[in-house]
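Protein chains in written order, with this note's numbering: chain A, 876 to 1319; chain B, 876 to 1319; chain C, 876 to 1319; chain D, 10 to 129; chain E, 10 to 129; chain F, 10 to 129.
Reading through the structure tokens given below for one structure.
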Amino acid sequence: MTHPSLLLALQSAAPAVVPADTAWMLVSTALVLLMTPALAFFYGGLVRSKNSLNTMMMSFVALGAVGVVWALLAYSLAFSQGNDWLGGLGNALLAGVGTEAKGTIPHVLFMAYQGTFAIITAALISGAVVERMRFGPYLAFIALWTVLVYAPVAHWVWGGGWLMNRGVLDFAGGTVVHINAGVSALVAAMVLGVRKDYGRQAILPHNVPFVLLGAGLLWFGWFGFNGGSALAANELAAVAFTNTFLAPMATLVVWVLLDYFRTGRATAVGGATGIVIGLVAITPAAGFISPASALVLGALAAFPSYFAIVARSRTRLDDSLDVFAGHGIGGITGALLTGVFASKAWNAAGNDGLLAGNAGQLATQALGVAVSVVYAAAGTFVILKLLALVTSLRAVPRAEGLGLDVTQHGEEAYSSGEGSILVMPDAVPAGVTAPALAPQPAAR
Amino acid sequence: MTHPSLLLALQSAAPAVVPADTAWMLVSTALVLLMTPALAFFYGGLVRSKNSLNTMMMSFVALGAVGVVWALLAYSLAFSQGNDWLGGLGNALLAGVGTEAKGTIPHVLFMAYQGTFAIITAALISGAVVERMRFGPYLAFIALWTVLVYAPVAHWVWGGGWLMNRGVLDFAGGTVVHINAGVSALVAAMVLGVRKDYGRQAILPHNVPFVLLGAGLLWFGWFGFNGGSALAANELAAVAFTNTFLAPMATLVVWVLLDYFRTGRATAVGGATGIVIGLVAITPAAGFISPASALVLGALAAFPSYFAIVARSRTRLDDSLDVFAGHGIGGITGALLTGVFASKAWNAAGNDGLLAGNAGQLATQALGVAVSVVYAAAGTFVILKLLALVTSLRAVPRAEGLGLDVTQHGEEAYSSGEGSILVMPDAVPAGVTAPALAPQPAAR
Amino acid sequence: MTHPSLLLALQSAAPAVVPADTAWMLVSTALVLLMTPALAFFYGGLVRSKNSLNTMMMSFVALGAVGVVWALLAYSLAFSQGNDWLGGLGNALLAGVGTEAKGTIPHVLFMAYQGTFAIITAALISGAVVERMRFGPYLAFIALWTVLVYAPVAHWVWGGGWLMNRGVLDFAGGTVVHINAGVSALVAAMVLGVRKDYGRQAILPHNVPFVLLGAGLLWFGWFGFNGGSALAANELAAVAFTNTFLAPMATLVVWVLLDYFRTGRATAVGGATGIVIGLVAITPAAGFISPASALVLGALAAFPSYFAIVARSRTRLDDSLDVFAGHGIGGITGALLTGVFASKAWNAAGNDGLLAGNAGQLATQALGVAVSVVYAAAGTFVILKLLALVTSLRAVPRAEGLGLDVTQHGEEAYSSGEGSILVMPDAVPAGVTAPALAPQPAAR
Amino acid sequence: MKLIVAIIRPERLNEVLEALYRAEVTGLTVSRVMGHGGETDRVETYRGTTVKMELQEKVRLEIGVSEPFVDITVRAILASARTGEVGDGKVFVLDVNQVHRIRTGERDEGAVTPTAVVDA
Amino acid sequence: MKLIVAIIRPERLNEVLEALYRAEVTGLTVSRVMGHGGETDRVETYRGTTVKMELQEKVRLEIGVSEPFVDITVRAILASARTGEVGDGKVFVLDVNQVHRIRTGERDEGAVTPTAVVDA
Amino acid sequence: MKLIVAIIRPERLNEVLEALYRAEVTGLTVSRVMGHGGETDRVETYRGTTVKMELQEKVRLEIGVSEPFVDITVRAILASARTGEVGDGKVFVLDVNQVHRIRTGERDEGAVTPTAVVDA
Ligand SMILES: Nc1ncnc2c1ncn2[C@@H]1O[C@H](COP(=O)(O)OP(=O)(O)O)[C@@H](O)[C@H]1O
Ligand SMILES: Nc1ncnc2c1ncn2[C@@H]1O[C@H](COP(=O)(O)OP(=O)(O)O)[C@@H](O)[C@H]1O
Ligand SMILES: Nc1ncnc2c1ncn2[C@@H]1O[C@H](COP(=O)(O)OP(=O)(O)O)[C@@H](O)[C@H]1O
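Structure (structure tokens):
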């Protein structure tokens, strides 16, 4: 997804589908798709049991709602021929999206690959509003947000828009995905307000193994996210892949040490968080910097997010799963450090950064950050306020107390079945295939 | 696995192994293999805690039993040179299965890829008989079923048999896998009879997150199932992949809305079920229709299965995890809609369907459906009845009450260890390496 | 990773990156990385709930600590130009590891791929010391062990060292990974001593579904481990892959039968164990033997490990999760059977084994086994004894009683939040964004 | 007033609840417990380790009733919880000194009399 | 001496604990239970099956106190556990015959008097 | 008859069960509970949040015995559950009004006398 390599590919004389690139991009698309279920577990493990299904469904439903919106409209707005500000409608309703080569892979596959990014970006936001937002308005929000916020920013940075033309480097989505989602999460948390128990009761993760499972699967999927953003099975993919391998390792080590020195004990939730933040930070840089730089970048990236999380939890800002501290700050750190470590020696289609003597790239990166922060914040605020005119965004306090699983979805994550009485439908055709059914007497 | 493309490949003059195709098929085989553990979680989460290991083991053991039977015999019956009705014994005991090209991939890999389909198909059936069938007879059943039902049907549709020659289109297994398994499940549920608590007590899923995990991993693996059925890393694979990406998204959206309008709440179990049914329905069509058609097909496929599940649960038919409503009906819907949406514009080796003016294809598809329904039903009935002559298929009611984990496997899914007393083996060599062991006194 | 094929590739005139091989190796690297989280679940499910996070973190932290040590130093010691005994420092700090071809894939990718092996090997050892070893010393141990034990042995067998020159066949790590880890685990268990409850209380797996999840994901990842060790998307990869598909199936079937005949019931923990042992045993042989031989090897491999586990649990040797019986004995069985079944007909760059008339290969294999057993045992013993001079390796009995999750990591795997009181940090800026916070009164 | 504590089989819980509701006993508290009595122990195997499970899953009911309801309640439980096999459980009846309904502060008899359900 | 058994809402547990600590009642035992009373049942749906959940999650407190503490304790619970909505729960006070502190073997009054916390 | 309620450490459960079986007390019911007493609180950290765990895991035993067994039972528990460190737990002895064995309908003394194990 790095625009330079993409551009190159698109310019090359007779575009043709290359089997090896297709093989890798098929896999990459599957890997990125898996990240959304992975996120469901990362987030779902961090909330209380009574909200775990709701939290997981917020990710899963993005696979449906965002995916369909992407195919019908948002893909075209982001990637079809348009102007500096927005793509056109040439590919709306998947028109013109066939098996012809886009770069070196079939166009349909390119559309699907990009769709997986849109899906997970929207799902990331949910971490800020879990345990209190109603499911219907959430669904409406992510559908609108994909069209109104994600598609334009993706167009600016990757689709031939103005930030791309200014030379902003974002290999796999530091700006488009992580800053975008992180800032939107922050705004959404402020609009929604704090959970009723926040700051009054201890709210603990109900299943830390799920958090670890999510982190493990996210890392696995992220190889498709960053490695696949080379859009080919070439050296660039290998570099992006290796950096995605190394950076989170360094972040994890630093995080464990920070945890240890601050509280005397290295936590598992911390380890999982460190991995994800390393992945976030390397995302914009993955195809532009050396593996040695990736280790340094990963180590550095632990600090801002670590202390942001500690500081945030002392405020009345209930960004419940620290999406801003993780993805917003992690994404900004990564985007800026891309401007520090980038090197044409590792990607000729990229640019040199500060350390290679080009301080201007850092300024360009800062522009990209600033623009996406402002646009995402404004867009999210407007969408939520408009939705709030139509319906209530929050569950009522009583529903929040009972938990959103029961009140929004009518089910529980872990049931033993005790004290649950089967309600017989009126229309049971008695004894269709077997001994007559002793009907369950109406209890009480 | 689409026969036309396969045939083409096989006909091409000098068959040679193509590295890019091999790369993609290696991955696809791994992906499909992962679907069986994924199914174990999808099914295992839906049952009661006391039967969860047994349910999971029914999938896992298919990896062993069906895999070995496949390699020794069933592969040959399905895919080696034979007649219209059955393959020969040329490849029995893996004879002649070497590194020579089969299409453009090594023959051993083709055998393994096809084996993953046989395994998951058998495992799918288990959903209809969980919580009551004894483990030994189940094991015998799936081994026999693979040889007597799966292998012939696979031969008819994919191995050069009569349905293939009649032009039945089944890209990745709507008929061979899903209708076959779904109908067999229905018959097995009827032969086994209802669980003793069915219709009397509420039987609730003990772990809905596991159901979601299963659904997520199934989707991930299904990209290998459908995308890999192109048997190459080409445009056709990309189309099949993209359709496997889009169709379940549409099904998920429709399912969530149906749930919402029927009960006022969109359930997570419903979401997971919707995803799987979208995947089932797109399976026969994946390489024959356009991505836009895939969205429509996915949306349509939600309806029959949704209402079949609702209706089924009001009867005395204890197809416990709705394998028939999901895979049987979903597979039939997909197979027929393939005859509606198929288009030579998207796969020249396929055929046009109803919408492209070829109503005959729909009739051909109906033939494929009818044949597989009848054969699977008869085959399953005969095998189970024969087994019932030798041994009892069902656990006794007391064992069903205690749960099959304890009674069939001698273990519990989640143990705290309280009140469990270590039984010392007679032969403990006292104090081999360490302070003498105070032997646990025989309690009581 | 098979040295012969690697050597061949390295010798070929103009080394160039081959896209299809790169595609497959990108995927393989991701697959092997996933095995470490998978192991976290396999191991984490087998321990008691109060130690589950600690056990999982022992695997996860290897991703950080071993990964960083690998990139900085151990890769160079294992694979850079050196002598018979150790590689040089030419690639230390990733110097000279760029996008140039190593074989047919980019060098950075080769480094990452090999790194995933080092990580999981260290993590494997943890299974012998869970529920009692302190986290800090464990961290130090795996970092040192990677440099002092793993890197040399990897150099000997794969990096151009003396065992490679003697013709020891180890396709994907029977010696380097499994014997190495298994023997180190045995020694570590003896140095650490038995858990305080061992042999006194029943210590039961707290979550068997996690064990199955781990086994399923391990198998999936192992396709990258063995299939990727061909370092190319060619016929050899397909053979190694198919053998990795078949052998565990046979082991699983035999294991289930052994369980059934010994205790009358086939356990799920047994099934999961059987799969892993089949995978371990096929690892050294995967690229050297025929698929039919793989089935036989898998079936045979069940026996030694099965009875080793039964026997071990009757001793005072607390190799808690039977790493030695699984990986040590499984690896030895596989390494020796490689010398029995190997055949140049399946890999010309390999060698013939006993059955093909070359009894010498079996002796060569035995040499490889003996050397790695002795070196791993000695190395592990020395490292642990040195660490014990500096710090205490074991948690105090009281901490062992409370569980290592709470005492080492300050968190619990599954919290309900009951009776947990939020400790307000002193520095809460009151009411930053919202209604004043009623501060939680200091309880009591 | 009395507090009735009953240990029953989990699989009889629905029947017992139903019998109690029929007897117009609707206030009660339930918990999962493990019991040991005359039942045979279960044996389980985890890898090489064999384990005897001495405790069986049971459900514990706790029901505060006014004197006139004691016999009715006990009889309802005895009748609905019985299977006739070893392990059916026990019923204990304890004296209660005071009962309070938290919501209203009502005491004793008043506290155990059910209130009509009015709920939004 | 008395044994006070209170059934309360889970979400009030923290407030109740705090009120008890203020009243210097620090020895107590807590467990998760499910209750049935006047609350409306919840309906859940799993695929085609509709289910009525008759039991609500509650928390059970068990507190052994010496006579002078009985009223203090009951009042602390009643005040802190109340929300005013149906489902707040009940408090039962039972007579106790003997109390033993396991650690010291102390009996009765001595056994329920808290000890200073000295812990390494 | 008496009902003996004991709160003990989970890690002593096996020893206590064994001591009770030796004393020929084999009918009992066990549950997991959380206790608060004189033990120091545990501190845990989840991301930026620090939490004090005020409740410790304990196990609750409930044993109905006839009068001659009361002392034997209490003594067995006291001896086997003791570690000497704060947190060992308490034993309460309550009066029981009636006991019923559900399986047979036997009452009082008969209901708490163990039956021989005969099980298929
Ligand atoms: N003396 C007792 N005190 C407390 N609970 C008991 C006692 N005896 C039995 N129980 C409980 O009742 C259950 C069934 O008792 P058991 O003796 O097995 O059957 P039965 O009452 O049919 O003879 C036990 O599992 C235990 O939970
Ligand atoms: N008679 C009783 N015996 C034991 N527990 C009871 C009794 N009545 C109510 N409870 C417990 O108290 C809880 C609340 O009681 P409920 O009748 O719903 O509310 P309220 O006390 O506000 O009228 C119930 O869920 C149950 O756990
Ligand atoms: N007054 C009480 N009422 C009920 N349970 C109590 C009481 N005091 C203590 N307990 C229970 O006993 C456990 C141990 O008590 P604690 O005071 O910590 O130790 P010790 O008895 O050794 O002084 C507590 O965790 C709690 O479960």
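A virtual CB, placed ideally from N, CA and C, is assigned to each residue, including glycine.
### Query
Within this structure, are the beta carbons of B:PHE1163 and B:ALA1217 separated by less than 7 angstroms?
yes
### Message
Is E:LEU22 a contact residue of ligand 2, with contact defined as CB to any heavy atom under 6 angstroms?
### Response
no
### Task
Measure the C-alpha to C-alpha separation of B:ALA1311 and D:ASP117 and round it to an integer number of angstroms.
With a pLDDT of only 29 at B:ALA1311, under the threshold of 50, the placement of this residue in the model should not be trusted, and no figure is reported.
### Query
Under 7 angstroms between C-beta atoms, does B:GLY1294 make it to chain D?
yes
### Query
Using Cβ-Cβ distances below 8 angstroms, what residues of the segment 65-92 of chain F are close to chain E?
LYS67, ARG69, VAL83, ILE86, LEU87, ALA90, ARG91, THR92
### Task
Quick one: list the residues of chain A neighbouring D:VAL39, beta-carbon separation under 9 angstroms, in chain order.
GLU1293, GLY1294
### Message
Quick check: is the beta carbon of D:LYS61 nearer than 7 angstroms to any beta carbon in chain B?
### Response
yes
### Task
Check A:ILE995 in the structure and name its three-state DSSP category.
helix
### Task
Kindly indicate if chain E contains any beta-carbon less than 7 angstroms away from that of F:VAL108.
no
### Message
Taking the straight line between their C-alpha atoms, what separation do you get for A:ASN929 and A:ARG1269?
### Response
13 angstroms
### Query
Any heavy atom of ligand 2 closer than 6 angstroms to the CB of D:LEU37?
yes
### Message
Just to confirm the assignment: which complete alpha helix (DSSP H) runs, minimum length 4, are found wholly within the segment 1078-1112 of chain B?
### Response
1083-1097
### Backbone CA spacing between A:PHE1098 and B:VAL1246 [nearest angstrom]
44 angstroms
### Message
Does the distance between the C-beta of D:GLU48 and the nearest non-hydrogen atom of ligand 1 fall short of 6 angstroms?
### Response
yes
### Message
Could you check whether the segment 1093-1110 of chain B touches the segment 896-916 of chain A, counting it as contact only if at least three pairs of C-beta atoms, one from each stretch, sit closer than 8 angstroms?
### Response
yes
### Query
What span of residues does the beta strand (DSSP E) with D:LEU103 cover, start to end?
99-104
#### Entry: E:THR49 at chain B interface by Cβ criterion, 7 angstroms
no
#### Entry: Cα-Cα separation between B:PRO894 and C:GLU975, rounded to whole angstroms
20 angstroms
### Query
What is the DSSP secondary structure of B:SER1295, reduced to helix, strand or coil?
strand
#### Entry: Nearest-angstrom Cβ-Cβ length linking C:TYR918 and C:SER934, presumed shorter than 8 angstroms
7 angstroms
#### Entry: Neighbourhood of D:SER75 by C-beta distance below 6 angstroms, restricted to the same chain and skipping five residues each side
MET10, GLU118, VAL121
### Query
Per DSSP, F:HIS109 forms a beta bridge with which residues?
D:VAL100, F:ARG116
### Query
Of all the options A:ALA915, A:ALA1090, A:VAL1083, which has the alpha carbon lying nearest to the alpha carbon of B:ALA1090?
A:ALA915
### Query
In terms of residues, what are the limits of the alpha helix (DSSP H) holding C:HIS1030?
1026-1032
### Query
In terms of alpha-carbon separation, which member of E:GLY93, E:ASP104, E:GLU71 lies closest to D:ARG110?
E:GLY93
### Message
If I follow the unbroken beta strand (DSSP E) through E:ALA15, where does it start and stop?
### Response
11-17
### Message
For a test of your reading of the model: does the CB of E:ARG110 fall under 6 angstroms from any non-hydrogen atom of ligand 3? Yes or no.
### Response
yes
### Query
Regarding B:ASP1072 and ligand 2, is the C-beta to nearest heavy atom distance less than 6 angstroms?
no
### Query
Regarding D:GLN65 and ligand 4, is the C-beta to nearest heavy atom distance less than 6 angstroms?
Absence of ligand 4 is noted for the structure shown, with ligand 1, ligand 2 and ligand 3 being the only ligands found.
### Task
List the residues of chain A whose Cβ lies closer than 8 angstroms to the Cβ of B:PRO1272, in chain order.
The contacting residues do not exist; B:PRO1272 stays about 13 angstroms from chain A at best.
### Query
Apart from the five residues just before and just after B:THR1021, which ones in its own chain have a Cβ nearer than 7 angstroms to its Cβ?
VAL941, VAL944, TRP945, ALA949, ALA993, ALA997
### Query
Rounded to a whole number of angstroms, what is the C-alpha to C-alpha distance between A:PHE1042 and C:ALA1174?
Note on residue identity: the sequence assigns Gly, not Phe, to residue 1042 of chain A. Near 59 angstroms, if we compare the C-alpha coordinates of C:ALA1174 and A:GLY1042.
### Message
Buried or exposed, going by whether 16 or more other CB atoms sit within 10 Å of the CB of A:LEU1019?
### Response
buried
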